[in-house]
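Count along the sequence shown from 1, then add 1152; that gives the number in the numbering used here.
The beta-carbon is built from N, C-alpha and C at its ideal position, and this holds for glycine as well.
Heads up, the thing below is written out as structure tokens.
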Amino acid sequence: MEPANQFPHDFLWGAASAAYQIEGAPHADGKGPSIWDTFAKIPGKTKNGTNGDVAVDHYHRYHEDVALMGQLGLKAYRFSIAWSRIIPDGDGAVNEAGLQFYADLIADLKAHGVEPVVTLYHWDLPQALQDKYGGWESRKVVDAFAKYCRVVFERLGSAVKYWVTFNEQNVFTALGYRWASHPPNVKDIKRMYAANHVVNLANATAINLFHELVPGGKIGPSFGYGEVYPATSNPADVLAAVNANQFNNDWWMDVYCRGTYPVKIMRTLQSLNIAPEVTAADDQLLKSAHPDFIGLNYYHGGTVEAPTHHTPTTTKQLTNIDPYLMAGDAENGLSPEKLLFHSVENPDLEKTAFGWEIDPVGFRVAFRQLYEKYQLPILVTENGLGALDQLTEDHQVHDDYRIKYLQQHLLALKGALDDGVPVLGYCAWSFTDLLSWLNGYDKRYGFVYVDRNDTDAKDLARYPKDSYYWYQKVIASDGETL
Ligand code: BG6
1153 MEPANQFPHD FLWGAASAAY QIEGAPHADG KGPSIWDTFA KIPGKTKNGT
1203 NGDVAVDHYH RYHEDVALMG QLGLKAYRFS IAWSRIIPDG DGAVNEAGLQ
1253 FYADLIADLK AHGVEPVVTL YHWDLPQALQ DKYGGWESRK VVDAFAKYCR
1303 VVFERLGSAV KYWVTFNEQN VFTALGYRWA SHPPNVKDIK RMYAANHVVN
1353 LANATAINLF HELVPGGKIG PSFGYGEVYP ATSNPADVLA AVNANQFNND
1403 WWMDVYCRGT YPVKIMRTLQ SLNIAPEVTA ADDQLLKSAH PDFIGLNYYH
1453 GGTVEAPTHH TPTTTKQLTN IDPYLMAGDA ENGLSPEKLL FHSVENPDLE
1503 KTAFGWEIDP VGFRVAFRQL YEKYQLPILV TENGLGALDQ LTEDHQVHDD
1553 YRIKYLQQHL LALKGALDDG VPVLGYCAWS FTDLLSWLNG YDKRYGFVYV
1603 DRNDTDAKDL ARYPKDSYYW YQKVIASDGE TL
């Protein structure tokens, strides 16, 4: 046993990325288009019309990026596979060149002592599956996903131990089907819950297939979790927070880990006629799949009061569309939130320059809640700070604010380890700077600065930031120098 309050020696000190946000090369070596290739070209949908056509050109520069990971001493790197590189039309012929790209990347990572953590789906569905079947609203896409998973498990399963099924299902279904701010650009909450149920079936199918094909491996979903606090100790606010946690978190986590939807939320959705239809066969499938770990993406949670007694004069109402805490008053009168909770500002938390709450204690709360509820080890698959970094004339980035953010969150993680929660590793978001889906290239998260902006891809040169050298020391000391 490790002494308490220390990072284990095999802790996966990592960093993360996603295909569309870094690779570029949308047509290279037979890749088919994804729904993001299409959506980002719709005028007005992304900041300054930014898209991933070039991104940070990782497809052509991955050797350089992996070498920088090696120098940093990274122990793990989470990246996603672009499905349409492997099967360009979604469910037809396999593209060997696409598979080879990821096989080469994985070999390179391992040569540098970096453990690959592979995400199967980080939001870039092959466009052909949207066109042919209607995307995640069709159960045909579950079969297509299973086919794609089989191909990559058979080809890459012996080299990769850790796999993530879906990245932030809560975010891509809400933004894609409820708010029309991600593809497929739909604004219909009933369709959101229907599509979300199909994704649950795909998740369970992939997990079962993985356990059949890759016996020694580990697989789990990555969920965007944020604990929701009651605004006061008024019991009505506490009940609202219970509702909000079941609505925002358990609605997904219970299905992943127990195969059931929370009953109160199901009833609320049924009362609005927006609940998904769950057949007996679906129920059986969901209960049959057991993830090996929980992938935790943590940025922030939320705060709520009772829906009936809020007083807008004393608490500031949230109206923004926030993927991590639905505060939906906007559409069609079909707002389950109105029956369950009312989101408010938390006066005790500071925010980033982009308006996201900074709450390291909430990170510890997340570990504790998830572990005690589901009894699975936790791998942090994302956590980080988006900021407007400045490159100095001598190519440095003094991102002390990011160091502070990461340090506070790693100390909270250390607290969770001390509490007895098995935490496998921590993948900071992100390794290099990359495309923020809706915020372009100026909202930066990386340990490595990439010299480009929204309108000019420049030379895409890589410059390690101060946080890179800080993380290098943290890793070298097994977290002792935090
Ligand atoms: C997560 C996603 O939601 O947050 C990432 O998994 C994303 O892909 C990250 O980039 C940060 O979000 P944003 O909007 O600041 O880029």
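Using a 10 angstroms sphere on the CB of residue 1628, the tally of other CB atoms stays under 16, which defines it as exposed.
For residue 1419, the number of other beta carbons within 10 angstroms of its own is below 16, and it is reported as exposed. For residue 1270, the shortest separation between its Cβ and any heavy atom of the ligand BG6 does not lie below 7 angstroms. For residue 1325, the number of other beta carbons within 10 angstroms of its own is at least 16, and it is reported as buried.
Distance from the CA atom of residue 1203 to the CA atom of residue 1292, rounded to whole angstroms, is 28 angstroms.
Here residue 1384 has 1457 as same chain residues with Cβ atoms under 8 angstroms from its own Cβ, once five neighbours each way along the sequence are excluded. Between the C-alpha atoms of residue 1451 and residue 1412 there is a straight-line separation of about 26 angstroms.
Approximately 6 angstroms separates the beta-carbon atoms of residue 1374 and residue 1320; this is inside 8 angstroms, confirming the contact.
Bridge pairing for residue 1268: 1229 [DSSP]. Here the alpha carbons of residue 1337 and residue 1415 stand approximately 29 angstroms from one another.
DSSP lists 1230, 1581 as the beta-bridge partner residues of residue 1168.
Look at residue 1374 here: in three-state DSSP terms it is strand. Under the three-state reduction of DSSP output, residue 1414 falls in the coil class, being neither helix nor strand. Relative to the Cα of residue 1511, the nearest Cα in the group 1343, 1378, 1222 belongs to 1378.
The beta-carbon separation of residue 1555 and residue 1619, rounded to 5 angstroms, stays under the 8 angstroms limit for a contact. Leaving aside the five residues that flank residue 1348 on each side, the residues in its chain whose CB is nearer than 6 angstroms to its CB run, in chain order, 1325.
Residue 1450 sits in coil when the DSSP states are folded into three classes, being neither helix nor strand. Distances taken from the Cβ of residue 1514 to the heavy atoms of the ligand BG6 include none shorter than 7 angstroms. In this structure, the alpha-carbon of residue 1316 lies about 11 angstroms from that of residue 1301.
Residue 1322 and residue 1330 have their alpha carbons spaced roughly 11 angstroms apart. Between residue 1602 and residue 1208, the CB-CB gap stays under 8 angstroms. When the beta-carbon positions are compared, residue 1228 and residue 1267 come within less than 8 angstroms of each other.
Around the beta-carbon of residue 1499, fewer than 16 other beta-carbon atoms lie within 10 Å, marking it exposed. A residue is called buried once 16 or more other Cβ atoms fall within 10 Å of its Cβ, and residue 1200, having fewer, is exposed. Restricting attention to 1630, 1597, 1589, 1605, the CA atom closest to the CA of residue 1173 is found in 1589. In this structure, the straight-line span from the alpha carbon of residue 1586 to that of residue 1608 is close to 14 angstroms. Each residue's CA atom was taken as its position, placing residue 1217 and residue 1187 some 26 angstroms apart.
Taking C-beta atoms under 8 angstroms as the contact rule, residue 1171 and residue 1233 qualify, at a distance of about 6 angstroms. Residue 1495 is bridged by DSSP to 1456. The alpha-carbon separation between residue 1551 and residue 1265 amounts to approximately 27 angstroms. Per DSSP, residue 1532 is one residue of the beta strand (DSSP E) stretching across 1530–1534.
Inter-residue distance for residue 1422 and residue 1429 is about 10 angstroms (C-alpha atoms, whole angstroms). In the structure shown, the three-state DSSP call for residue 1539 is strand.
In the three-state scheme derived from DSSP, where H, G and I count as helix and E and B as strand, residue 1297 is classed as helix. As for any alpha helix (DSSP H) of minimum length 4 sitting wholly inside the stretch 1337–1370, the runs are 1341–1365, ordered along the chain. Counting every other CB atom within 10 Å of its CB across the protein chains shown gives residue 1371 a total of 16 or more, marking it as buried.
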